[in-house]
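Just so you know, the sequences run in chain order A and B. In case it helps, the numbering used here puts the first sequence at residues 1309 to 1701. In case it helps, the numbering used here puts the second sequence at residues 885 to 1656. C-beta atoms are modelled at their ideal positions from N, C-alpha and C, and glycine is treated no differently.
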Amino acid sequence: MIDISGLISTIMNNSVNIPLLYVIYEFLLKIPVLGGIVAFLLDFSILGMPVVKSIIGFVLWKPFFTLIIIPGFATLGTMLLVLPWLERKLVGRMQWRVGPREIEPYTRGSIQLLADTFRFLFQEVIIHKDAHKHYFLQFPFLYFIPVLLPLLFINAGAAGHPLVPIQTDYALQIMIALVSLMPVFIIGAAWAANNRFSFIGAVREAFMYFAYEIPFIIAVLAMIVLYGTSNTAEVISGVNQSSWLNWGIILNPFAALTFFIAMAMATSRLPFDIPEADQEVAFGPFVEYTGIVFGLAYIMAYEKAYVLAAIMTMLFFGGGSGPVIPYLGELSYGIWFVVKTLIILLVLVNLRGVYPRYRIDQALSIGWGAMLTLALFALVWSVVVVVVIGVII
Amino acid sequence: MENPNEHIDFLESGPLAPLKKWSAKWSLWPCHFITSCCGVELAHAFACGYDGERLGTLNLGISRQSNFIIIEGTITRKMARALKFVYGQMPDPKFVNVIGACGERGGIFWNSYNITHPSDIVPVDFFIPGCPVTPESLLRGVRALQDKIMGVDKKTIEFKKVELPFEEKLEERMVPTSPKIYAPTPEIKVDVKRVVDWDFGKELEHTLRKELKGLFESITITGTNTIAIRTTPESLMEVARKLKGQMNFDHVKSVNVIEVPHERKYIVEYMASSYSVEELMPVLITIFTEIGIKNPKIQSLMSVWEGANYSERELHEFFGVWFEGNDWMGKKFLLAPDTPDLPLRKEFKIPEDRYVFEKDVEPEFMVPIEPPKDLYTPIWEEFIEEAYDSDEIVVPIGPHHPGSGHLRVTFRIKGDRIVDALPEPGFVHRSMEKLAENKLYIQNIPLFERLAINDPVNMNLAYVRTVENALGIEVPERAQYLRTILAELSRIEAFYYDAGIFSLFFGHTTGFMYCMAIREMIIEPLMHISGSRCGPSFIVPGGLRRDISDDVLGMIDNITFAIHKRAKKFESIFVTNPVTIARAKGVGVLAKEDAIRCGMVGPFLRASGVNYDVRKVAPYEAYDKLDWEVTTGDDGDCLGRFLGRLEEIRESVKIVKQGVDVVKGIKGPILSEDILGEYKEASSDIKGNFFRVFGNIVLPKGEWTTITEAARGTTLFTINSDGESNVPYRVRVMSPCWMNLKGFMEAVKGERYADFWAVYGSFGYFPPEADR
């Protein structure tokens, strides 16, 4: 016999606290007929277990909430639908255009991505005869693993209120390892496609990978040194990031800059759109992909960008810290986190409207030269800051 | 193509049909199939101003990921293979729109030997007429396709019978179809002697006689700035060597072959000029010789003038003349494998050009229009073997590639460096030279305008000037200024198109959009003047079609200020962008000697440090009366070529402003009395008397050559007339892009793979202009 009441109390004790729900509940109870129905529904129970209550409780149970809602899959899915649309709208604005609109004029074409997704879904998937059939189809799906697993370690909370599915001392290391794994699948997909342009794209991807990966890791290392921990839950409260004066970007702007450039390189955004340059190698590794498989590959870059932007928010922008929104309780941290991540992503995608594309050798010299130097300097700077803070406090 | 509607049927099947249809409707990603001039209007349709992305159509350019082809204009026999191939690569369900008149049944090129009909190759959903189409109608075509996908049956046009009030007068108002007169045994003479007031010419003739003693048969002055040297096939090479070595005629402007079938001979001629000596710059020396029609062989002058290389290859395909020493003889270069052989010979006849066919009369097509069977135009095997032996990778770019336009270049790449680049033009070869032989002189104006639809006025002017030169017409002063203004507007338009493509090749879409926005502003007055966005056909022999009112002139003046404002924004976002400078500086360097050797023209020659501009060297229209300067650079790299053209835009704006100020004070006719003859009342507006005045122009006997500075460089027109026919016997067009192709390929070699696009953009290579 399962101890249901014990289970429920465990869930209730570890749930996201949103006072707004109680306010709504009390307001509903005051309405004559509706109040009765609500009261009945909430009291309705089978085998001594209140059904609706426990469903709400389960949704608000922290491990579930963080993994599925904020900052997990629901946020990711919304971002994927909204971000390309926002990108097209904003870049369109920069270019004196309007961007997608006619599909839903009242909301300025906000469901454009849905149409694109369904169109890809209903399109033929072509596997050309030169391709290695199994790998050609497997790699885009395998790509999901390193992209989705980092969601387990993203902390959307603020100091003292972590909103993270799994707390571990090695969270940042695992995330970096998973992020570093992504290009392997791109190169594999390009190899399986067996096309000249995808070969060139794969070689470019590999070169770029080495160019940004080392500065990227050193930049994160600098922040780990600064905070003295790599647990995403403690990173937020490490140097008391709840005050914006203690944000990572203030304490170590060099690491932030390196991280941002590495992010642009890792997600193949302009000006480092080199492996997928459509004028040069026609989407490089993905040149032969059609239909929903291409749709996955197309959307995967945005997922990667979301993961990296989330890490950047945690390390440099204080995670979910911000002015507390009344009645929202712990949810307000999640909202601040999403807003910050979205702003970082918008800055990232809008680079497309401003910069042309670098050549591969120029990008490599930026990676191995300027960025590596900057990253090493950021590491030294972190040590200095730690020592200075240690002396002061 | 069993079921032309199979893609629509697929969308309508199954329980998810509404979702399928809805998503396909709002997500038509065109894999734009730029095949001809309509590509310019497609760029406008998807740029700011019209913004095709409103409809959810994202211009992608990659076949595998798109579901919609927009075929832009002419499908030549070479391009038909690419079309078939690309259509096959696209995933189902897919749709096809064809824009432009020449995509339907050929349009202005309907009797060309090199075109096919897209509807024979792929199932077409919608035809959008227009030459070129306007962006509005292009987007309307997209809307129509969306309606078709949703199953809405909309009639796009409702036909109504209209009672004309002037029906009894209709007989008079019909366009008179001038009968074409072909002389049965035309007398073709290249060196018709003319008495001209040209002292330097007499001096030069004297020098030539001294230098070339014993090598020539005759030396004739055929007009101001042109001298013809008749020689024998054996001493042709020696004459060329002497001209280059001792007289400094360092490049060749044109190579031409004229077939005279009834005399059983070919006339082969080379036109040389000089970039190194200032007095010789305007002079065109024609060396020509005659060879028999049977087994026509002649020594190639490629070893003397390298710029002759591609033209010799082309003429070999057109006439079968074998240039000994050119390594490309016996291979196809411009034409497709299944194009009829030797198409420019007189015995190869194309259908007669007619505007209205009587009912029930099927036009006879002597030209094959069925689509080609095989899919590939192969890359030469030796080339591939040689490349793999030396550990290099062969990468073909184009003709359908997001960053190539309709040119195929096959690279041999070692590491990241381009070892060798083999160009393969001819994907837009619409055979203008052949078509022109079957049209009246006046009918050729819109034809040659389609050389470069983004630089229409200059192309128009170049042809009309040749006709005027032959007829000896002086253009009235007001018309001269107006022509200058229009030509400069066209130049600005062309340069901004090139700048837009340059920024697009760097992945900088914002710069592209800004450039297109500036172009829109220049198109606006052209529309006010002529009613057409891109093909005004406004300049006619003797002047202009109509007078331009002061309102429109004031508008042009205002627009020069507006351009300035937008150009500043373009400069701040793209030109001064550090990434642009890093990509373009020091890349694709073409040194001065190389530029001269390859026979470069226009701003690309000036960027390499040669101070040569036809507008200054041999001034025409009102250029010598206005204050402006020639822009030259020293670097000869991509950035230099790009910035040089931006500098020229400033000079052009200066010319336009001055011209507008001056022309407001000049009153007078806009058509020369020489050409009007008895129709003097038409001197301010040709409307109503057009065909009576221009229908039967006959050029005097001889060869007429004119050089004009179009946007991308010197355009040379040579018209051969027999003095009896009212159609030209032969027209030779040397368009700037064709002349620049050699230098373009030279500049690419040794650079990195990604630099090809920097070089491509910086040369402003426009394939329709090059392929003719």
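Within a Cβ cutoff of 8 Å, which residues of the same chain sit near lysine 1612/A, ignoring the five residues on either side of it in sequence?
Cβ contact annotation for lysine 1612/A (same chain, cutoff 8 Å, sequence separation greater than five): Val1455, Val1487, Met1490, Ala1574 and Thr1575, in chain order.
Would you check if the stretch 1467-1476 of chain B and the stretch 1629-1646 of chain B touch, i.e. whether three or more CB-CB distances between them fall below 8 Å?
As far as the Cβ criterion goes, the stretch 1629-1646 of chain B touches the stretch 1467-1476 of chain B, which means the pair count is three or higher.
Might you give, ordered along the chain, the residues of its own chain that have their beta carbon closer than 8 Å to the beta carbon of arginine 948/B, omitting 5 neighbours on each side?
Counting only Cβ-Cβ distances below 8 Å, and skipping sequence neighbours, we find Gln973, Met974 and Pro975.
Which bits of chain B does aspartate 1669/A rub up against, with CB to CB less than 8 Å?
Ordered by position in chain B, the residues that pass the 8 Å Cβ test against aspartate 1669/A are Asp1300 and Arg1636.
Taking only runs that begin and end inside the stretch 946-1011 of chain B, name each unbroken beta strand (DSSP E) of 3 or more residues, in chain order.
Those beta strand (DSSP E) runs which fall completely within the stretch 946-1011 of chain B and span 3+ residues are 952-956 and 979-983.
If leucine 1168/B sits next to isoleucine 1033/B, beta carbons under 8 Å apart, how far is it from one beta carbon to the other, in whole angstroms?
Wrong, their Cβ atoms sit about 57 Å apart, outside the cutoff.
Leucine 1654/A CB to nearest chain B CB: under 7 Å?
No, its Cβ sits nowhere closer than 7 Å to a Cβ of chain B.
Note down, in chain order, each residue of its chain lying with its Cβ closer than 7 Å to the Cβ of glutamine 1542/B, except the 5 sequence neighbours on either side.
For glutamine 1542/B, where only same-chain residues beyond five positions count, the Cβ hits under 7 Å are Leu1510 and Asp1511.
Segment contact flag, the stretch 1418-1433 of chain B with the stretch 1559-1569 of chain B, C-beta cutoff 8 Å, min 3 pairs:
When C-beta atoms of the stretch 1418-1433 of chain B are compared with those of the stretch 1559-1569 of chain B, three or more pairs fall below 8 Å, so the two segments count as touching.
From histidine 891/B to phenylalanine 1207/B, what distance separates their C-alpha atoms?
Each residue's alpha carbon lies about 51 Å from the other.
Would you please state the rounded distance, in angstroms, between the beta carbons of tyrosine 1496/B and threonine 1592/B? I believe it to be under 8 Å.
So it is not a contact: roughly 14 Å between Cβ atoms.
Cutoff 7 Å: glutamate 1596/A Cβ touching any chain B Cβ:
By this cut-off, glutamate 1596/A is an interface position.
From Val1615/B, Val1611/B and Gly1607/B, pick the residue whose C-alpha is nearest to that of threonine 1590/B; which is it?
The candidate whose alpha carbon is nearest that of threonine 1590/B is Val1615/B.
Pick helix, strand or coil for tryptophan 1555/A, following the three-state DSSP scheme.
Residue state for tryptophan 1555/A is assigned as coil, using DSSP reduced to three classes.
Counted within 10 angstroms of its Cβ, other Cβ atoms place valine 1617/B as buried (16 or more) or exposed:
Burial call: buried.
Give a yes or no on contact between the stretch 1664-1677 of chain A and the stretch 1513-1521 of chain A, applying the rule of three or more CB pairs nearer than 8 Å.
Segments in contact, yes.
For a quick check, are the C-beta atoms of threonine 1598/B and valine 1485/B less than 7 Å apart?
Yes, they are a contact pair.
Are the C-beta of valine 1692/A and some C-beta of chain B separated by less than 7 Å?
False, the Cβ-Cβ gap to chain B never drops below 7 Å.
Could you tell me which residues DSSP puts in a beta bridge with methionine 1618/B?
Per DSSP, the beta bridge partners of methionine 1618/B are Leu1600/B.
Fully enclosed by the stretch 1056-1107 of chain B, which alpha helix (DSSP H) runs are 4 residues long or longer?
Counting whole runs of 4 or more residues, the stretch 1056-1107 of chain B contains the alpha helix (DSSP H) stretches 1083-1095.
By the DSSP assignment, the beta strand (DSSP E) with phenylalanine 1396/B in it spans what residues?
Careful: phenylalanine 1396/B lies outside any beta strand (DSSP E), inside the alpha helix (DSSP H) at 1393-1414.
Alpha carbon to alpha carbon, how far is valine 1144/B from lysine 1323/B?
If I take the Cα positions, the gap works out to 19 Å.
Would you kindly work out how many angstroms separate the C-alpha atoms of valine 1141/B and valine 1351/B, rounded to a whole number?
Rounded to the nearest whole angstrom, the C-alpha separation of valine 1141/B and valine 1351/B is 20 Å.
Where leucine 1022/B and methionine 1405/B are concerned, what is the direct C-alpha to C-alpha distance, given to the nearest angstrom?
Cα to Cα, the separation comes out at about 19 Å.
Report the three-state DSSP secondary structure of valine 1498/B (helix, strand or coil).
Shown here, valine 1498/B sits in a helix according to DSSP, grouped into three states.
Check whether the Cβ of valine 1406/A lies closer than 7 Å to any Cβ atom in chain B.
The C-beta of valine 1406/A comes closer than 7 Å to at least one C-beta of chain B.
Between Met1608/A, Trp1393/A, Pro1340/A and Arg1665/A, which has its C-alpha nearest phenylalanine 1452/A's C-alpha?
The shortest CA-to-CA distance from phenylalanine 1452/A to any of Met1608/A, Trp1393/A, Pro1340/A and Arg1665/A is the one to Met1608/A.
For the stretch 1420-1437 of chain A, list every residue whose C-beta sits within 9 Å of some C-beta in chain B, in sequence order.
Taking 9 Å as the Cβ-Cβ cut-off against chain B, the residues of the stretch 1420-1437 of chain A that qualify are Gln1420, Leu1422, Ala1423, Asp1424, Thr1425, Phe1426, Arg1427, Phe1428, Leu1429, Phe1430, Gln1431, Glu1432, Val1433, Ile1434 and His1436.
I'd like the list of long-range same chain contacts for tyrosine 1443/A, defined as Cβ closer than 8 Å, with 5 residues on each side in sequence excluded.
Excluding sequence neighbours, tyrosine 1443/A sits near Gly1496, Ala1497, Trp1499 and Ala1500.
Mapping the DSSP letters down to three states, classify glutamate 1276/B as helix, strand or coil.
The answer is coil: DSSP assigns glutamate 1276/B none of H, G, I, E or B.
Is the CB-CB distance between tyrosine 1347/B and phenylalanine 979/B below 7 Å?
With contacts defined as CB atoms closer than 7 Å, tyrosine 1347/B and phenylalanine 979/B fail to qualify as a contacting pair.
Could you check if glutamate 1101/B is buried or exposed, using at least 16 other CB atoms within 10 Å of its CB as the buried criterion?
By the 10 Å Cβ count, glutamate 1101/B comes out exposed.
Provide the residue span of the alpha helix (DSSP H) that contains isoleucine 1175/B, from first to last.
No alpha helix (DSSP H) holds isoleucine 1175/B; the beta strand (DSSP E) holding it covers 1168-1176.
Quick check: is the beta carbon of proline 1664/A nearer than 7 Å to any beta carbon in chain B?
Between proline 1664/A and chain B, the shortest Cβ-Cβ separation is below 7 Å.
Tell me, which residues are paired with tryptophan 1369/A by DSSP?
For tryptophan 1369/A, which the question treats as bridged, DSSP gives the partners Ser1323/A.
Reduced DSSP category for isoleucine 1113/B - H, G, I as helix; E, B as strand; rest coil
DSSP places isoleucine 1113/B in strand when its eight states are reduced to three.
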